[in-house]
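> After the structure tokens below, expect a handful of questions from me.
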Amino acid sequence: MTVAPPPPPRPLRLAAYNIEWFNALFDDRGRMLEDRELSARYQTTRADQLGAIAIVLTAMNADGVMIIEAPDQGSRRSTVKALEGFARHFGLRTRKAVHGFASETEQEIAFLYDPDRLTAHHDPQGEPALSGGAEGAPRFDTTLRADLDLDGIAEPIRFSKPPLELAVTANGKTLRLIGVHAKSKAPHGQMPQAQFIRISIENRRKQLAECQWLRRRIDSHLTAGESLIVLGDLNDGPGLDEYEKLFGHSGVEVVLALNSGPETHLYDPHAHMALAQKTGISPSTARFWMAPQKRYFEALLDFIMISPDLAARQPDWRIWHPFNDPAVMAVPELRDALLTASDHFPVTIDLPVN
Numbered sequence: 027m028t029v030a031p032p033p034p035p036r037p038l039r040l041a042a043y044n045i046e047w048f049n050a051l052f053d054d055r056g057r058m059l060e061d062r063e064l065s066a067r068y069q070t071t072r073a074d075q076l077g078a079i080a081i082v083l084t085a086m087n088a089d090g091v092m093i094i095e096a097p098d099q100g101s102r103r104s105t106v107k108a109l110e111g112f113a114r115h116f117g118l119r120t121r122k123a124v125h126g127f128a129s130e131t132e133q134e135i136a137f138l139y140d141p142d143r144l145t146a147h148h149d150p151q152g153e154p155a156l157s158g159g160a161e162g163a164p165r166f167d168t169t170l171r172a173d174l175d176l177d178g179i180a181e182p183i184r185f186s187k188p189p190l191e192l193a194v195t196a197n198g199k200t201l202r203l204i205g206v207h208a209k210s211k212a213p214h215g216q217m218p219q220a221q222f223i224r225i226s227i228e229n230r231r232k233q234l235a236e237c238q239w240l241r242r243r244i245d246s247h248l249t250a251g252e253s254l255i256v257l258g259d260l261n262d263g264p265g266l267d268e269y270e271k272l273f274g275h276s277g278v279e280v281v282l283a284l285n286s287g288p289e290t291h292l293y294d295p296h297a298h299m300a301l302a303q304k305t306g307i308s309p310s311t312a313r314f315w316m317a318p319q320k321r322y323f324e325a326l327l328d329f330i331m332i333s334p335d336l337a338a339r340q341p342d343w344r345i346w347h348p349f350n351d352p353a354v355m356a357v358p359e360l361r362d363a364l365l366t367a368s369d370h371f372p373v374t375i376d377l378p379v380n
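See the structure below:
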């Protein structure tokens, strides 16, 4: 009798998901505020947003999710406690959380994963900089010195949300993951036009500096021959605003390093599509209401970028867009949950790791 060979292991599914003001759905003890009070999402209750997030995470069925804007970490709040309690309440298989360096904001970067499918631990790289900062690529929770305005004087740069560096093992394969939430370039609040322009340029300089710092870390991993995934919200994309013209490139292009040799490139098909076609059809991962124009604006902000060795495995990417993905459109409950949960939509990658 011929015995059929066992089926190949299913691909590892990883996700990047910016969940808008996830922190506002928990109290200081990490308990969910599952009630009818309004959440930070416009005209959405806390119970509805929590339920919608759980529907999205269940439908994605990812083995690991890099959560951007995860619940706050501080003297009275615990990111891990909040996320693991949330997963336990909704019966998610991604039930274990890991967090790295605390953010200066109420928006953390954390990884929620299925411990039956993979292992993950915080593994920061780089040497801690002294109080005055250091050049190159110091540890992400310390200070970089960089000349942002080209006046010959190096300025201190700090991540308000330090990237989360993970060592991950899945099906015997070792991976390096870096979760990122780069500086937002958009000024907030009403202000004179001249001030708006000045802040926009300052923010773009800071965002580009963060991407350059990140790129130096990427180079060190690729030089060491490590399999690398960079995922999260870069708050940038090619052609996204007019201030990009002042600097000649976007932060996404800096991280991808497409102007260097192919052995140093990172790959994300959505980023490459946007770069190849500055106008016309372009993917998007976020949807924002623009009050002055009285309409929604869409942008490609969220990415899963991978090293050349992983790209050679021919993984599949997917943006879970409620209007652009036919499989999502066919499930009204999932479509509505994506619109209720956040102003960003998750991105997934199915990566063969056998």
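Note that this note's numbering has the sequence shown beginning at 27, numbered continuously upward. C-beta atoms are modelled at their ideal positions from N, C-alpha and C, and glycine is treated no differently. The model shown is predicted, which means the values in this text are computed figures rather than measured ones.
Check whether the stretch 351-359 and the stretch 318-329 are in contact - that is, three or more C-beta pairs closer than 8 Å.
No, the stretch 351-359 is not in contact with the stretch 318-329.
> Which residue from L248, N261, K209 puts its Cα closest to that of L201?
Position 175 of the sequence shown, counting from 1, holds the residue named residue 201. Per the Cα distances, L248.
> List the endpoints of the continuous beta strand (DSSP E) containing D259.
Start at 1 with the first residue of the sequence shown, and residue 259 comes out as number 233. Its beta strand (DSSP E) spans residues 254-259.
> Mapping the DSSP letters down to three states, classify T249 as helix, strand or coil.
The count along the sequence shown starts at 1 and reaches residue 249 at position 223. Reduced to three states, the DSSP call for T249 is helix.
> Please report the distance separating the alpha-carbon of A297 from that of A113.
Taking the first residue of the sequence shown as position 1, residue 297 is located at position 271. Taking the first residue of the sequence shown as position 1, residue 113 is located at position 87. Each residue's Cα considered, the two are about 31 Å apart.
> Would you decide whether L156 is buried or exposed? Buried here means 16 or more other CB atoms lie within 10 Å of its CB.
Along the sequence shown, one-based indexing puts residue 156 at 130. Per the 10 Å Cβ criterion, exposed.
> Determine the DSSP secondary structure at T70, reduced to helix, strand or coil.
One-based indexing of the sequence shown puts residue 70 at position 44. Residue state, collapsed to three classes: coil.
> Spatial neighbours of A128 within its chain, please: CB distance less than 6 Å, with the 5 preceding and 5 following residues excluded, ordered by chain position.
The residue labelled residue 128 in the question sits at position 102 within the sequence shown. Hits under 6 Å: Q99.
> Between the C-alpha atoms of A80 and R39, what's the straight-line distance to the nearest angstrom?
As a first step, residue 80 is located in the sequence shown; it is residue number 54 there, counting from the start. As a first step, residue 39 is located in the sequence shown; it is residue number 13 there, counting from the start. Looking at the two C-alpha atoms, the distance is approximately 17 Å.
> Please report the straight-line C-alpha distance between A53 and S65, rounded to a whole angstrom.
On the sequence shown, residue 53 is found 27 positions in, with the first residue counted as 1. On the sequence shown, residue 65 is found 39 positions in, with the first residue counted as 1. What sits at residue 53 in the sequence shown is Asp, not Ala. Taking the straight line joining both Cα atoms gives about 12 Å.
> What do you get for M316, buried or exposed, if any count of 16 or more other CB atoms within 10 angstroms of its CB means buried?
Here residue 316 is taken as the residue at index 290 of the sequence shown, counted from 1. M316 comes out exposed.
> Determine the extent of the beta strand (DSSP E) in which P182 is found, giving its start and end residues.
Against the sequence shown, residue 182 aligns to sequence position 156. First-last of the beta strand (DSSP E) with P182: 181-183.
> Is G152 closer than 7 Å to A13 when the C-beta atoms are compared?
With the chain represented from 27 up to 380, any question about residue 13 goes unanswered, as that position is not in the structure.
> Per DSSP, K199 forms a beta bridge with which residues?
In the sequence shown, counting from the first residue as 1, residue 199 sits at position 173. Paired residues: A196.
> Could you please give me the residues that DSSP links to H207 through a beta bridge?
Position 181 of the sequence shown holds residue 207. Paired residue(s): D259.
> Comparing C-alpha positions only, which one of L282, R231, T290, Q233 sits nearest to A250?
As a working mapping, residue 250 is identified with position 224 in the sequence shown. Of L282, R231, T290, Q233, the residue nearest in Cα terms is T290.
> Write down the C-beta distance between A50 and P372 rounded to the nearest angstrom, noting that I regard them as a contact closer than 8 Å.
Position 24 of the sequence shown, counted from the start, is the residue given in the question as residue 50. Position 346 of the sequence shown, counted from the start, is the residue given in the question as residue 372. Contact doesn't hold; Cβ gap of about 19 Å is too wide.
> Look at the alpha carbon of L272 and the alpha carbon of T120, and state the distance between them as a whole number of angstroms.
As a position in the sequence shown, residue 272 is number 246, starting the count at 1. As a position in the sequence shown, residue 120 is number 94, starting the count at 1. Residue confidence for L272 is low, a pLDDT of 49 falling below 50, so the modelled location carries little weight and cannot support an answer.
> Where DSSP assigns a beta bridge to F323, which residues make up the other side?
Residue 323 sits at position 297 when you count from the first residue of the sequence shown. Per DSSP, F314.
> Once DSSP output is grouped into helix, strand and coil, what is the label at L138?
Position 112 of the sequence shown, counted from the first residue, corresponds to residue 138. Reduced to three states, the DSSP call for L138 is strand.
> On the three-state DSSP scale, how would you describe L59?
On the sequence shown, residue 59 is found 33 positions in, with the first residue counted as 1. L59: coil per DSSP, three-state reduction.
> Tell whether a beta-carbon distance below 7 Å holds between D259 and Q233.
What you label residue 259 is simply residue 233 of the sequence shown in a count that begins at 1. What you label residue 233 is simply residue 207 of the sequence shown in a count that begins at 1. Contact: no.
> Hey, I183 and E191: beta-carbon distance below 7 Å or not?
Taking the sequence shown and counting its residues from 1, the one referred to as residue 183 is at position 157. Taking the sequence shown and counting its residues from 1, the one referred to as residue 191 is at position 165. The answer is no: Cβ separation not under 7 Å.
> Can you give me the Cβ contacts of P188 inside the same chain, cut-off strictly under 6 Å, excluding the 5 residues immediately before and after it?
Along the sequence shown, one-based indexing puts residue 188 at 162. Counting only Cβ-Cβ distances below 6 Å, and skipping sequence neighbours, we find F127, F166, D167.
> Is it buried or exposed, N44, if we count other Cβ atoms within 10 angstroms and call 16 or more buried?
Numbered from its first residue, the sequence shown carries residue 44 at position 18. So N44 counts as buried.
> So E95 is in the beta strand (DSSP E); what residue range does that whole segment cover?
In the sequence shown, residue 95 corresponds to position 69, counting from 1. From DSSP, the beta strand (DSSP E) with E95 extends over 90-96.
> Determine whether the beta carbon atoms of E110 and A96 lie at a separation below 7 Å.
By one-based count along the sequence shown, residue 110 stands at place 84. By one-based count along the sequence shown, residue 96 stands at place 70. Not a contact, by the Cβ cut-off of 7 Å.
> Short check: CB of D149 to CB of A85, under 7 Å?
Translated into the one-based positions of the sequence shown, residue 149 becomes position 123. Translated into the one-based positions of the sequence shown, residue 85 becomes position 59. No.
> If you reduce the DSSP assignment to three classes, tell me which class T374 lands in.
Numbered from its first residue, the sequence shown carries residue 374 at position 348. The answer is strand: DSSP assigns T374 an E or B state.
> Less than 7 Å between the beta carbons of V281 and L254, yes or no?
As a working note, residue 281 is residue 255 in the sequence shown. As a working note, residue 254 is residue 228 in the sequence shown. Against a cut-off of 7 Å, the Cβ pair of L254 and V281 comes out as no contact.
> List the whole-angstrom C-beta distance separating R55 from D89, where the pair is believed to meet the contact cut-off of C-beta under 8 Å.
The sequence position of residue 55 within the sequence shown is 29, counting from 1. The sequence position of residue 89 within the sequence shown is 63, counting from 1. Not confirmed; about 29 Å, so no contact.
> Helix, strand or coil for V124 per DSSP?
By one-based count along the sequence shown, residue 124 stands at place 98. Strand at V124.
> Check this for me: beta carbons of T131 and S186, under 7 Å apart or not?
On the sequence shown, residue 131 is found 105 positions in, with the first residue counted as 1. On the sequence shown, residue 186 is found 160 positions in, with the first residue counted as 1. Yes, they are a contact pair.
> Is it right to say S101 is buried, meaning 16 or more other beta carbons lie within 10 angstroms of its own, or is it exposed?
As a first step, residue 101 must be located in the sequence shown, where it is residue number 75. S101 should be labelled exposed.
> Would you say N380 and P34 are within 7 Å of each other, going by their C-beta atoms?
Position 354 of the sequence shown, counted from the first residue, corresponds to residue 380. Position 8 of the sequence shown, counted from the first residue, corresponds to residue 34. Taking 7 Å as the Cβ cut-off, N380 and P34 qualify as a contacting pair.
> Drop a sphere of 10 angstroms on the beta-carbon of E359, count the other beta-carbons inside from all chains shown, and report buried for 16 or more, exposed for fewer.
Counting from one through the sequence shown, the residue named residue 359 turns up at place 333. Burial call: exposed.
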